[in-house]
Structures are given as C-alpha cells and as structure tokens.
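Q: Counting along the sequence shown from 1, when you hit position 44 you're at 52 in this note's numbering, and nothing is skipped either side.
Glycine included, every Cβ here is placed at the ideal spot set by N, Cα and C.
Quick one: the structure is below, and I'll ask about it shortly.
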Amino acid sequence: MLKRDVLSQRVRQVKPSGIRKFFDIINTMPNVISLGVGEPDFVTPEHIRQAGVASIQAGRTRYTSNAGTLELREEIATLLQRRYGLTYDPVSQILVTVGVSEGVDVAMRAVIDPGDEVISPDPGYVAYEADIIFAGGVPVPVKTYAEYNFAVRAAEIAAAITPRTKVILLGNPNNPTGAVIPREELEAIAKLAVEHNLIVISDEVYSRLVYNTEHVCIATFPGMQERTILLDGFSKAYAMTGWRVGYVAASAEILGAMMKIHQYTIMCAGTAPQEAALQALRHGDEDVQRMHDEYQHRGHMFVEGLNRIGLATCEPRGAFYAFPNITSTGLSDEEFAERLLFDEEVAVVPGSAFGEAGTGYVRAAYCTAYDQLEEALVRIERFVRKHTK
Ligand SMILES: Cc1ncc(COP(=O)(O)O)c(C=O)c1O
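What follows is the structure in structure tokens.
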C-alpha cells in the first residue's frame, strides 16, 4: 500500500456515474427492455457508413489537422450560417472534437480557474458536474420545475449569480428532461450573461431533435456570439454515437485556448469518422428528418401512456427522454428503477442521478422501437398498479 493519497481531490470529489451501475446489471438480463441509455436505436444511415468505409479503403489512415479537416470545418461553418445566420471563420473559430463530450470538458478547462462558479440547470447531463469539478470549478445547480416543462428560468439563474460566477452552462434541449428553453427566457439569460460578463457554454447536441417548438441558439442574441461556446455534434441527430465526432464554434480567442488543450490531449478526431460526418452534413438532412419524425411519434405515444398510467409526465419538447414523476408509487426514484428492473425487466434511470432536483422522477429514453415501448408501458402499468396504494 502506498502511504499517501494516490487519487487527486478533484477525482475523489466526483461520484461514480449512477447510470453505470444499472447498465452492468442490464447486460446480464436477456429479456430486459432498456429505456436506460440515451442512444439512438437506429444504425448510422448507409451512405454515411459507406463514406467512413471509403475513407479507410482509400488508405486515409493518418492524423488530420488538429482542428479537423478543413472541408469538415467549412461545412460546419456553412451549416451554422444557414441555420442561425451566424458567421464563423472555419480556420480560427471551429474545432472538430471527439464528440460533444470532449467539447464540454475542453470548454471548461479553457475558461475555468480554481474556485470559479459554473451555473447549470438541475437536473442536467451527468457529465456536466464532473467536468466542472475536473476543471477546478464549483458547480452551482439551478433547480428546474415541471410547471415550466423543466426549462431553466432567467430569474433563477439571476439569483444564483455571484462575483465568482464565470460560466452559465446550458443543455438546450436538456438531458434528462427534454426541456427546450423558450425564446424569451433564453433572451433574458443572454442579457444576464452580457450584463455580468459571463461565458455561456451551450450544449446543443439535441438541437435537431425538437418537437412542435423552435430551437433557438443563444449565440444569435446581441453580444452573445463572442461569449458563447457553442457545442454540437453528430451522435444524436445522425445516429452516430460510436463515431465520436462533435464540434465547437467560438470566438478565435476562446477557440485558440481550446485548441491548445485539444492538440496536446487528443491530437485530432478520427479521420474516417470525420469523413463520415462530412457526408452526414452534405447529404444527411432527410435521414435526420426521418429519425426525428419517428422519435416524435414514439414520444407522443409513450408520454400519453405514462400519463394514463398515473405517472405525471411533461410533453418533451426535445431530445428523446420522458421524465415521469413517480412519487405517486410511494417509492424513491432509486427504488422505483431498481424494482422495475428486477420485477418487470424494464430499465430506467433514477432522476436523482442527474441532480437533486431529479429526485422523485425517472428518466426513460424512448429511442427504442415502438412495439418495445408499448410493451414497456404494459409492464410499467402492472408495476405501478402493484405499488400505488
Ligand atoms: C446533453 C448531452 N451532451 C453531450 C452528450 C455526449 O455526446 P457525444 O456523443 O457527442 O459525446 C450527451 C450524450 O448523452 C448528452 O446527452
């Protein structure tokens, strides 16, 4: 035994992911319906896969430029111009990352000094708190509420701002709630950022998956492009989780700092995945629409079913998560998830794994086949009947 603390305080401060525990159990259960993983059930569209295969076949097996291929960065800049009317220089303001996961981590490390506070909606994506702590920052969770469809509100953010606040980190749409921040609320958050001179890190990995509402990019508000680190990627919209490609768009100053970290720790995103991503951007719009429509169809049926069973659930505006309130069963969210798994072989994730405000909820991902979701509802109903007094 080494007579010293081997592990850094930052690492010790981060709890192991509450989700992993469930995945390990699920893998041992053959009949389980997994609503646990937030991952599209679709295979990456054929023409995108072929672009990756062609890249390998042609022997393009070396590093690309640290920032990613210029072709891909140019295509990303074109997309951001088309979608948001925002102009980014592909050479100095766009970086291709290993998924949005890398983008979140590198963004934090580029702007956070020890003790800086980072405001972020609670519940939120599990990696946010960990990445803030790894960077030496202090997470400041801001509660979100079912009454507002779990969208974070500017007034709550304003109340959490202190002289140490450096960053507002938003998931828009958010995981695990599917919340999409309405335009007027986002505008008020942007004003706060300008007024208090804050950086906004905006994780928009689900930006193409919004339903019956608009997705607004916070960088489009006055004074925001220079202070927004915009993160997006390919995992969710194009069903490309395993390819590991995402991107960052930011001011040349911030992007240069992120490049410094990226080039020393990552070098570059994979070469074949970048070529597949280029194909996705150039020819993947119809695929995105097809999968979007399918998620919408599934989500509508599933959420209606959960409400019918008596688990109050907001209509998700984005992503592919239902976030039912399970307190009517008298079980805690952890007990609910554990017993549902063992009694009925349906896997969901306890809401408290995403922050304190997730207590009393579970996250059920509906990126699963329609008939599986129907069967999951039958099992959940049987389970709820058994537990509701
Ligand atoms: C909100 C959010 N951001 C980022 C990620 C990670 O995305 P990527 O696969 O691009 O790293 C996820 C994955 O679940 C997510 O839900």
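In this structure, does DSSP put D13 in helix, strand or coil?
A: To locate residue 13, count along the sequence shown from 1; it is residue 5. D13 falls in the coil class under three-state DSSP.
Q: Specify which residues have a beta carbon nearer than 6 Å to any heavy atom of ligand 1, listing them in chain order.
A: Listed by chain position, these are G46, G107, V108, S109, Y133, G179, N183, D211, V213, G241, S243, T249, G254.
Q: Could you spell out the range, first to last residue, of the alpha helix (DSSP H) harbouring V134?
A: As a first step, residue 134 is located in the sequence shown; it is residue number 126 there, counting from the start. From DSSP, the alpha helix (DSSP H) with V134 extends over 134–142.
Q: By Cβ distance below 7 Å, which residues in the same chain neighbour F89 in space, the five residues on each side in sequence not counted?
A: Counting from 1 along the sequence shown, the entry for residue 89 is found at position 81. Here the sequence assigns Gln to residue 89, which means Phe is not the residue at that position. T95.
Q: Excluding the 5 residues preceding and the 5 following Y369 in the sequence, name in chain order all residues of the same chain whose CB lies nearer than 7 Å to its CB.
A: As a working note, residue 369 is residue 361 in the sequence shown. Here the set comprises F331, P332, N333, I334, D341, G359.
Q: Using CA coordinates, which residue listed in D49, G93, L381, I127 is at the minimum distance from I197?
A: On the sequence shown, residue 197 is found 189 positions in, with the first residue counted as 1. Closest by alpha carbon: I127.
Q: Could you tell me the distance, in whole angstroms, from the CA atom of K11 to the CA atom of L263?
A: In the sequence shown, counting from the first residue as 1, residue 11 sits at position 3. In the sequence shown, counting from the first residue as 1, residue 263 sits at position 255. Approximately 41 Å between the Cα atoms of the pair.
Q: Shortest alpha-carbon distance to V188 belongs to which of A280, I41, M267, E212?
A: Residue 188 sits at position 180 when you count from the first residue of the sequence shown. Among A280, I41, M267, E212, the Cα nearest to that of V188 is on E212.
Q: Does the region 48–65 come within contact of the region 291–299, defined as at least 3 CB pairs closer than 8 Å?
A: Because the criterion of three Cβ pairs below 8 Å is met, the region 48–65 and the region 291–299 touch.
Q: Classify E222 as helix, strand or coil using the three-state DSSP reduction.
A: The sequence position of residue 222 within the sequence shown is 214, counting from 1. Three-state DSSP puts E222 in coil, outside helix and strand.
Q: How is E212 classed by DSSP in three states: helix, strand or coil?
A: In the sequence shown, counting from the first residue as 1, residue 212 sits at position 204. Coil.
Q: For my contact list, L238 and A258 are in at a C-beta cut-off of 8 Å; report their separation, rounded to the angstrom.
A: Here residue 238 is taken as the residue at index 230 of the sequence shown, counted from 1. Here residue 258 is taken as the residue at index 250 of the sequence shown, counted from 1. Right, their Cβ atoms sit about 7 Å apart.
Q: Taking only the alpha-carbon atoms, compute the straight-line gap between A355 and F310 and give it to the nearest angstrom.
A: If you number the sequence shown from 1, residue 355 lands on position 347. If you number the sequence shown from 1, residue 310 lands on position 302. Rounded to the nearest angstrom, the two C-alpha atoms are 15 Å apart.
Q: Relative to the C-alpha of V208, which residue among V104, L177, V218, T228 is closest?
A: Sequence index remark: in the sequence shown, residue 208 carries index 200 (1-based). Minimum Cα distance to V208 is reached at L177.
Q: Have a look at E195, P38, N74, P129 and flag the residue whose alpha-carbon is nearest the alpha-carbon of A168.
A: By one-based count along the sequence shown, residue 168 stands at place 160. Taking only the C-alpha atoms, the option nearest A168 is P129.
Q: List, from N- to C-terminal side, the beta strand (DSSP E) runs of 3 residues or more that fit wholly inside the region 170–195.
A: 173–179, all fully within the region 170–195.
Q: Let me confirm a value: Y303 is counted as buried when at least 16 other C-beta atoms fall within 10 Å, else exposed. Which label applies?
A: In the sequence shown, residue 303 corresponds to position 295, counting from 1. With 16 or more Cβ atoms within 10 Å of its Cβ, Y303 is classed as buried.
Q: Just how far apart, CA to CA, sit Y378 and R306?
A: In the sequence shown, counting from the first residue as 1, residue 378 sits at position 370. In the sequence shown, counting from the first residue as 1, residue 306 sits at position 298. In a straight line, the C-alpha of Y378 is about 6 Å away from that of R306.
Q: Between the Cα of Y71 and the Cα atoms of R191, C276, A138, H395, which residue gives the shortest distance?
A: Numbered from its first residue, the sequence shown carries residue 71 at position 63. It is C276.
Q: Taking the alpha carbon of E364 as the reference point, which residue from T77, P181, E137 has its own alpha carbon closest?
A: Against the sequence shown, residue 364 aligns to sequence position 356. The candidate whose alpha carbon is nearest that of E364 is E137.
Q: From this set, A280, P171, A345, which residue's C-alpha is nearest A66's C-alpha?
A: Translated into positions along the sequence shown, residue 66 becomes position 58. Nearest of A280, P171, A345 to A66, Cα basis: A280.
Q: Is it true that the CB of R347 sits closer than 8 Å to the CB of P181?
A: Your numbering for residue 181 matches position 173 in the sequence shown. Your numbering for residue 347 matches position 339 in the sequence shown. No, the pair does not count as a contact, with Cβ atoms beyond the cut-off.
Q: Can the beta-carbon of A59 be found less than 8 Å from the beta-carbon of A247?
A: In the sequence shown, residue 59 corresponds to position 51, counting from 1. In the sequence shown, residue 247 corresponds to position 239, counting from 1. For A59 and A247, no; Cβs fall outside 8 Å.
Q: To the nearest angstrom, how far is the alpha carbon of S63 from that of V19?
A: For the purposes of this step, residue 63 is identified with residue 55 of the sequence shown, where counting begins at 1. For the purposes of this step, residue 19 is identified with residue 11 of the sequence shown, where counting begins at 1. C-alpha separation (whole angstroms): 38 Å.
Q: When you compare each of G292, A201, Y272 to K244 by their alpha carbons, which one comes out closest?
A: Mapped onto the sequence shown, residue 244 falls at position 236. Comparing Cα positions, the closest option is G292.
Q: Any chance you could list the beta strand (DSSP E) runs of at least 3 consecutive residues sitting entirely within the region 350–385, in chain order?
A: Runs of the beta strand (DSSP E) inside the region 350–385: 370–373.
Q: So what does DSSP say about T69, is it helix, strand or coil?
A: The residue you call residue 69 lines up with position 61 of the sequence shown. The answer is coil: DSSP assigns T69 none of H, G, I, E or B.
Q: So within the region 40–116, which uninterrupted beta strand (DSSP E) runs reach at least 3 residues, ignoring any that extend past its ends?
A: For the region 40–116, whole beta strand (DSSP E) runs of length 3 or above, ordered along the chain, are 102–105.
Q: May I ask which residues mark the beginning and end of the alpha helix (DSSP H) holding A166?
A: Residue mapping note: residue 166 aligns to position 158 of the sequence shown, counting from 1. Note, A166: alpha helix (DSSP H), 162–168.
Q: DSSP three-state label for P281, please.
A: Position 273 of the sequence shown, counting from 1, holds the residue named residue 281. Note: P281 maps to helix in three-state DSSP.
Q: Could you have a look at T236 and say whether DSSP puts it in helix, strand or coil?
A: Position 228 of the sequence shown, counted from the first residue, corresponds to residue 236. Correct three-state label for T236: strand.
Q: Taking the alpha helix (DSSP H) that D130 belongs to, which residues open and close that run?
A: One-based indexing of the sequence shown puts residue 130 at position 122. Taken as a continuous stretch (DSSP letters only), D130 belongs to no alpha helix (DSSP H), being part of the beta strand (DSSP E) at 125–130.
Q: Express the C-alpha separation of A159 and R216 in angstroms, rounding to a whole number.
A: Working through the sequence shown from its first residue, we reach residue 216 at position 208. Working through the sequence shown from its first residue, we reach residue 159 at position 151. So the alpha carbons of these two residues sit roughly 17 Å apart.
Q: Would you call the CB atoms of I269 and V114 closer than 8 Å?
A: Here the question's residue 269 lines up with position 261 in the sequence shown. Here the question's residue 114 lines up with position 106 in the sequence shown. A contact, by the Cβ cut-off of 8 Å.
Q: Under the three-state reduction of DSSP, which class applies to I388: helix, strand or coil?
A: For the purposes of this step, residue 388 is taken as the residue at position 380 of the sequence shown. Helix, per DSSP.
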